[in-house]
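Protein chains in written order, with my numbering: chain H, 284 to 1005; chain Y, 764 to 1198. Take a look at the structure set out below.
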Amino acid sequence: MSDGIVNIEVDGKPVEARKGQMIMEVTDEIGIYIPRFCYHKKLSIAANCRMCLVEVEKAPKPMPACATPVGEGMKVFTRSPAAISAQKAVMEFLLINHPLDCPICDQGGECELQDLALGYGRDVSRYNERKRVVKDKDLGPLVSTDMTRCIHCTRCVRFSQEIQGLQELGTIGRAEDMKISMYIEKSVDHELSANIIDICPVGALNNKPYRYSARAWEMEQRQTVSPHDCVGSNMYVHVLRGTIKRVVPRENEEINETWLSDRDRFGYEGIYSDDRLLSPRVKQDGAWEDIGWDEALKILAENLEGAGADKTGILSSPGATLEESHLLARLADHLGTANIDYRIRQRDFSDQDNDPVFPWLGSTIAELEASDAILVIGSNLRKEVPIIAHRVRKAALAGSKVSFVNNDAFEYHFPVEENIHDGGLVKQLAGIAVAAAGKKKLPKPVGALVKGVKPRDSQRRIADSLAGAKHAQILLGLIAGRHQASSALRALVAAISELTGAKFGVLSEGSNSAGASLAGVQPHRGSGGHKRKAAGLHAGEMLDASLDAVLLYGLEPDYDICCTDDAVKKLAGQKFVAALTSYNSDALQDAADLLLPIGTFAESAGTFVNCEGRWQSFNGVANLPGEARPGWKVLRVLGNLLDAENFDYQTSEEVRDELRDLLGDIQPDNRYAGKKALGKVNGADDPDARIDIPIYRTDAIVRRARALQLTPEAQRSAYEGG
Amino acid sequence: MNRLQHNLACFNTFGADESWSLKTYEKHDGYKAWRKILAGEMSPQEVIEEVKASGLRGRGGAGFPTGLKWSFMPRDVPGQKYLVCNSDESEPGTCHDREVLRHNPHCLIEGMAIAAYAMGATVAYNYIRGEFIDEPVPRFEAALEEAYAAGLLGNNIRKSGIDFDLYTFIGAGAYICGEETGLLESLEGKQGKPRFKPPFPANFGLYGLPTTVNNTQSLGCVPAIIRNGAKWFADLGPEGSGGTAQFSVSGHVEKPGNFELPMGIPFKDLLHLCGGVLGGRRLKAVIPGGSSVKILPAEIIMDCTMDYDSLQKAGSSFGTGAVIVMDETTCMVRVLRRIARFYMAESCGQCTPCREGTGWLYRMLTRITAGQGQEDDLDKLLDVANKIEGHTICALGDAAAWPVQSFLQHYHHEFAYMIRNHGRSIVDESAEAAA
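Dropping the structure here:
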């Protein structure tokens, strides 16, 4: 017997198991199913449902498989008469007070209790007494409750304690009166809270927006990828006759594990908002009028051809797919302009020549968990990237020293070593850099930034924690990316990373900043990060220039553009503005002269490259509304009208593969290549700058997701004018 | 040996003036054992061996050998260890721990000090039932103050190098907090929901640290054992049931009360001590160890001696020593319904069979007493009880099942009679016949 391995027997078959494993883990691995309700592989063991009772040789009574550790020579019987009888007994108890209202329950057809009752329940109930009725809870706009159906497995309670770190649910009362409850009546507000819908084995906690709108068996399950952050959580959408009814997580241990953020789960509602653009429209003498596609594309092509090459500008969204980005970059090349940019939320472009080939996390999402020191700079981490925040939380719980440097004291539900939120990001980082350098000299680019800086104790502690760690990680967040002095922040982080050996990672806007960079939707870089001979106008400069033709792709100028003020007004002042957009908003009507309806992520095929550099392709999963067309197809036809060469793509895969071949083998690298000294930041390091974008305002789809907009989180940011 | 010697261990100060005071306790050789240990005359191992040899078994109901339990503590592993006294006395019929707390709290304090020393614990808690707030708690607290003032507790006690601090914790009145891991959860400030075992408290107890939980009476016996020797204690009772036990006799007897008597006293003698059955009526049945243990009909219990082995052989168990006596006028269906109601109310609610099954039992019994019983109800009652037994995290499920099983075993005809006669009890019938 080798160390750590024990030999057991399951249903007569010899099995090798690891010491300390529970019976359930072993049987799951070898494909023997033991019925369960309270057990969940991501949660602590409760052993309270008793459904997994099995017979163990020499044990005087049936043992719960989820909580019984294996031992050498143990003989387990999962289907013996004693085991089956214990399991059936528990099932009978579970059902006596369950309402059995499956015909009107949304969980019907995908209910763990219903499924197991088929195997372990009786045909007719022996229970003739009064059944329990439990009053429902109002958990807010996302989760509906039918508490009479609850079987008290406490998965939701353990989820809120262990995964969220913010206990929103608990049990009150004893015996039959035990209830899942809030201590004080309130909604579930954590950014991962709606996962309780998935982990609830019965219909007690359900999807509120989805309520009563479809049955599980009439929908089709299709794969897709979340468009709301740089993580690219894997999801399934459930589609009824071409309409998305709900979204559930698609398990991927490398990315989102079994979880989904509320934004990813309920964002889809924004696809069905009333202000979808249904037809191409043109502004004629100040009035909008629907026109056909042929006419619309003709107007667009004529204006683009008629504009001077350096008088043409393309502003795209970091949420545009890789294919759309590639076609936009190709069109810009064809038109002879380098005025193309996706960095519409960036404010500081001064050091763009030293940009890495694409904004990269510096490691994989899963690796973050193994970091023993993490420094997060300029990020409202939980709201920006809930799934990464969860990984950081796991690291912190495992003993990693996690510190934050921010403009605001955000709330974290895990142990935080240092939480600095005063004095400006550049100033704080300079202190950490000086502390990290010790007697060494800091590199030239940050020379002016650290001049005369004396580190404070907290800054020293952060530098020490990074230097002393085996796998240290620095994350530069979205707030840092939008910062007036983001170049200085990046150079300082690069210096700290170099000095402490910490990995340097960047969180990026939208779902596809990495893809847009690779495709060359930038004025200074072509595809694959190749330097352009002459840089065009960047996003910040474009709107201040006077242009003949501006193409807006998948963005809303009033919300998505941070690189300049008064974007709508400035756009309205341009000669011709066309917007390829899914929505028909007031601001777009003010800003543009031509609107072309394109599909959202759900309605067209595409690829997102996430912050790890992982390419994730997906198909269109829902029907397009009205006359809307997939964006890549519109760009493809536009290319034909403009007589661009080799623009005869038949599928989005062709577009993607063309870019992939073009890129060859590109390795991400976050090392800072700059040699020149950066100037002082002066007023740009405003500690009071409020450049956070609230979690439910990040993109056009989320801003229209009804249920999310009803959450206290969204209401709060609406009041605060975020 | 005089089989009717009273008050040899925990009740040794009873009858004296201010039996709860330090002065009185010391007059009765109190703290002699502790002082002996403080003087360095006994090693922890010797204490454990002595308690093992005394045959002392846990008086909380399960009867696990106390010395053996102590030896499970990882004594030599560094780090904090805890001793916890379970004074959450709530088994129906049981009220002798209350008397220890009220009338002889020092024997518990001394016992806890010795036990903690033996197991290398420097901190102990006495978890006292919430309902004891009126008299037992203040008495215990006052005794604790006295003991501290006399320099018998604290840090480096009498320069012995021994540390021992003892704190009182008051529960909130839940029966389930008498289950040792439910108690630990409650002590940690959580809901009193028993933990799944293993791990046992000796490895993962209070705040995850090695902990031993003992009953009040078990700990209260320790000073007498150390003072008088293991042999003295073991010889008080029969083989396998050393020492004295406190019997709380309630129900249909002339003089109910608490009695500390040597183990193994014949039930007949105990009944005699209590003045016999109330009103000279006929004995019908006895629950010998608190409501959780199985009921024994008169003809069986009259031949039993009150100790672990004898009662087990008779089909019940010693339990907490709470003897509930029922005479011929007692309706067994109604008694069982009352007992079932208790377990329904006191189930913690976490595991399915107990949460759902206890209510089912109670509702069926209620229906039967209301005259709505059906023929198949009795089989169903037994079946439900069997399905609760052995299927739960803690023993409360078993405790709810055993009364049902034993009542039906011995008094099936009474249940059947009531169902047949729409709620009329067999007892009412005989009462009317007598009239």
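Built from N, CA and C at the ideal position, the CB exists for glycine as well. On a predicted model such as this, the values are computed, not experimentally measured, just so you know.
contact_flag[the segment 618 to 629 of chain H, the segment 592 to 609 of chain H] where n(CB pairs < 8 Å) is 3 or more: yes
Supposed close pair residue 691 (chain H), residue 704 (chain H) - CB separation, criterion 8 Å: Taking the first residue of the first sequence as 1, we reach residue 691 (chain H) at position 408. Taking the first residue of the first sequence as 1, we reach residue 704 (chain H) at position 421. With 8 Å as the limit, residue 691 (chain H) and residue 704 (chain H) qualify as a contact, their Cβ atoms being about 6 Å apart.
Exposure of residue 756 (chain H), with buried meaning 16 or more beta-carbon neighbours within 10 Å: Here residue 756 (chain H) corresponds to residue number 473 of the first sequence, with the count starting at 1. That one is buried.
C-alpha distance - residue 888 (chain Y) paired with residue 835 (chain Y), whole-angstrom precision: Start at 1 with the first residue of the second sequence, and residue 888 (chain Y) comes out as number 125. Start at 1 with the first residue of the second sequence, and residue 835 (chain Y) comes out as number 72. Using only the alpha carbons, I get a separation of about 19 Å.
Between the CA atoms of residue 1028 (chain Y) and residue 772 (chain Y) - distance to the nearest angstrom: Position 9 of the second sequence, counted from the start, is the residue given in the question as residue 772 (chain Y). Position 265 of the second sequence, counted from the start, is the residue given in the question as residue 1028 (chain Y). Cα to Cα, the separation comes out at about 16 Å.
Cβ shell of residue 507 (chain H) (< 6 Å), same chain only, five flanking positions each side left out: Sequence index remark: in the first sequence, residue 507 (chain H) carries index 224 (1-based). The residues are 518, 520, 901, 904.
Cβ-based burial, residue 923 (chain H) [other Cβ within 10 Å; buried from 16]: By 1-based counting over the first sequence, the position of residue 923 (chain H) is 640. Answer is exposed; the Cβ neighbour count stays below 16.
Cβ pair residue 772 (chain H), residue 892 (chain H) closer than 9 Å: In the first sequence, the residue the question calls residue 772 (chain H) occupies position 489. In the first sequence, the residue the question calls residue 892 (chain H) occupies position 609. For residue 772 (chain H) and residue 892 (chain H), no; Cβs fall outside 9 Å.
Selection from Y:979, Y:912, Y:851 that minimises the alpha carbon distance to residue 935 (chain Y): The residue labelled residue 935 (chain Y) in the question sits at position 172 within the second sequence. Closest option to residue 935 (chain Y), Cα to Cα, is Y:851.
Any 3 or more C-beta pairs closer than 8 Å across the segment 856 to 872 of chain Y and the segment 1063 to 1079 of chain Y: no
Check whether residue 420 (chain H) and residue 463 (chain H) have beta carbons under 9 Å apart: Counted from its first residue, the first sequence places residue 420 (chain H) at position 137. Counted from its first residue, the first sequence places residue 463 (chain H) at position 180. Yes, the pair counts as a contact, with Cβ atoms nearer than the cut-off.
Cα-Cα separation between residue 257 (chain H) and residue 338 (chain H), rounded to whole angstroms: Outside the displayed range of chain H (284 to 1005) lies residue 257 (chain H), so it cannot be described from this structure.
Interface flag, residue 1132 (chain Y) vs chain H, CB-CB below 9 Å: Walking along the second sequence from the start, residue 1132 (chain Y) turns up at place 369. No, residue 1132 (chain Y) lies away from the interface with chain H (no Cβ there is under 9 Å from its Cβ).
Beta-carbon proximity list for residue 726 (chain H), same chain, < 6 Å, skipping 5 on both sides: Position 443 of the first sequence, counted from the start, is the residue given in the question as residue 726 (chain H). Around residue 726 (chain H): 778.
Residue 872 (chain Y) and residue 906 (chain Y) closer than 9 Å at C-beta: As a working note, residue 872 (chain Y) is residue 109 in the second sequence. As a working note, residue 906 (chain Y) is residue 143 in the second sequence. A contact, by the Cβ cut-off of 9 Å.
Any C-beta of chain Y under 9 Å from that of residue 783 (chain H): For the purposes of this step, residue 783 (chain H) is taken as the residue at position 500 of the first sequence. No, no contact with chain Y.
Span of the beta strand (DSSP E) around residue 336 (chain H): Position 53 of the first sequence, counting from 1, holds the residue named residue 336 (chain H). Taken as a continuous stretch (DSSP letters only), the beta strand (DSSP E) holding residue 336 (chain H) covers 336 to 339.
Chain Y contacts made by the segment 344 to 362 of chain H, where a contact means CB separation under 8 Å: 344, 345, 347, 350, 352
Proximal chain Y residues relative to residue 410 (chain H), where beta-carbon distance stays under 7 Å: Locating residue 410 (chain H) in the first sequence gives position 127, where the first residue counts as 1. Chain Y residues near residue 410 (chain H): 1123.
Three-way DSSP call (helix, strand, coil) for residue 765 (chain Y) in this model: Along the second sequence, read from residue 1 onward, the residue named residue 765 (chain Y) stands at position 2. With a pLDDT of 45 at residue 765 (chain Y), under the threshold of 50, the modelled position of that residue is not reliable, and no figure is offered here.
Contact list for the segment 445 to 456 of chain H against chain Y, Cβ threshold 9 Å: 453, 454, 455, 456
Residue of H:910, H:569, H:867 minimising C-alpha distance to residue 886 (chain H): In the first sequence, counting from the first residue as 1, residue 886 (chain H) sits at position 603. The shortest C-alpha separation from residue 886 (chain H) is found at H:910.
Complete beta strand (DSSP E) runs within the segment 451 to 503 of chain H (minimum length 3 residues, chain order): 453 to 455, 462 to 464, 488 to 490
3 or more residues per run - each beta strand (DSSP E) lying fully within the segment 820 to 887 of chain H: 832 to 836, 860 to 864, 877 to 880
Beta carbon proximity, residue 944 (chain Y) to chain H, threshold 9 Å: On the second sequence, position 181 is the one that residue 944 (chain Y) refers to. So, not an interface residue.
Length of the line joining the Cα atoms of residue 289 (chain H) and residue 353 (chain H): Here residue 289 (chain H) refers to the residue found at position 6 of the first sequence. Here residue 353 (chain H) refers to the residue found at position 70 of the first sequence. The alpha-carbon atoms of residue 289 (chain H) and residue 353 (chain H) are separated by roughly 8 Å.
Residue-chain proximity (residue 1050 (chain Y), chain H), Cβ-Cβ < 9 Å: On the second sequence, residue 1050 (chain Y) is found 287 positions in, with the first residue counted as 1. Taking Cβ atoms only, chain H never reaches closer than 9 Å to residue 1050 (chain Y), which makes this a no.
Residue-level contact to chain H via CB, residue 1116 (chain Y), 9 Å cutoff: Residue 1116 (chain Y) sits at position 353 when you count from the first residue of the second sequence. Yes, residue 1116 (chain Y) counts as interfacial toward chain H.
Nearest to residue 902 (chain Y) (by Cα), restricted to the options Y:794, Y:914, Y:784, Y:809: Along the second sequence, read from residue 1 onward, the residue named residue 902 (chain Y) stands at position 139. Considering only alpha carbons, the answer is Y:784.
Counterpart residues of residue 571 (chain H) in DSSP-defined beta bridges: Sequence index remark: in the first sequence, residue 571 (chain H) carries index 288 (1-based). DSSP lists H:566 as partners of residue 571 (chain H).
Limits of the beta strand (DSSP E) - the one that residue 1202 (chain Y) falls within: Any answer about residue 1202 (chain Y) is impossible in this case: the structure gives chain Y only from 764 up to 1198.
Paired residues, beta bridge with residue 656 (chain H) - DSSP: Translated into positions along the first sequence, residue 656 (chain H) becomes position 373. In DSSP, residue 656 (chain H) forms a bridge with H:684, H:755.
Chain Y contact residues for residue 373 (chain H), given Cβ-Cβ distances below 7 Å: Within the first sequence, the letter at position 90 stands for residue 373 (chain H). By Cβ distance, chain Y contributes 1115, 1116, 1154.
Same chain, Cβ closer than 8 Å to residue 917 (chain H), neighbours up to 5 away in sequence not counted: Taking the first sequence and counting its residues from 1, one reaches residue 917 (chain H) at position 634. Counting only Cβ-Cβ distances below 8 Å, and skipping sequence neighbours, we find 580, 863, 879, 881.
Against chain H: residues of the segment 956 to 989 of chain Y by CB proximity under 7 Å: 959
Secondary structure of residue 898 (chain H), DSSP reduced to three states: Position 615 of the first sequence, counted from the first residue, corresponds to residue 898 (chain H). It is a strand residue.
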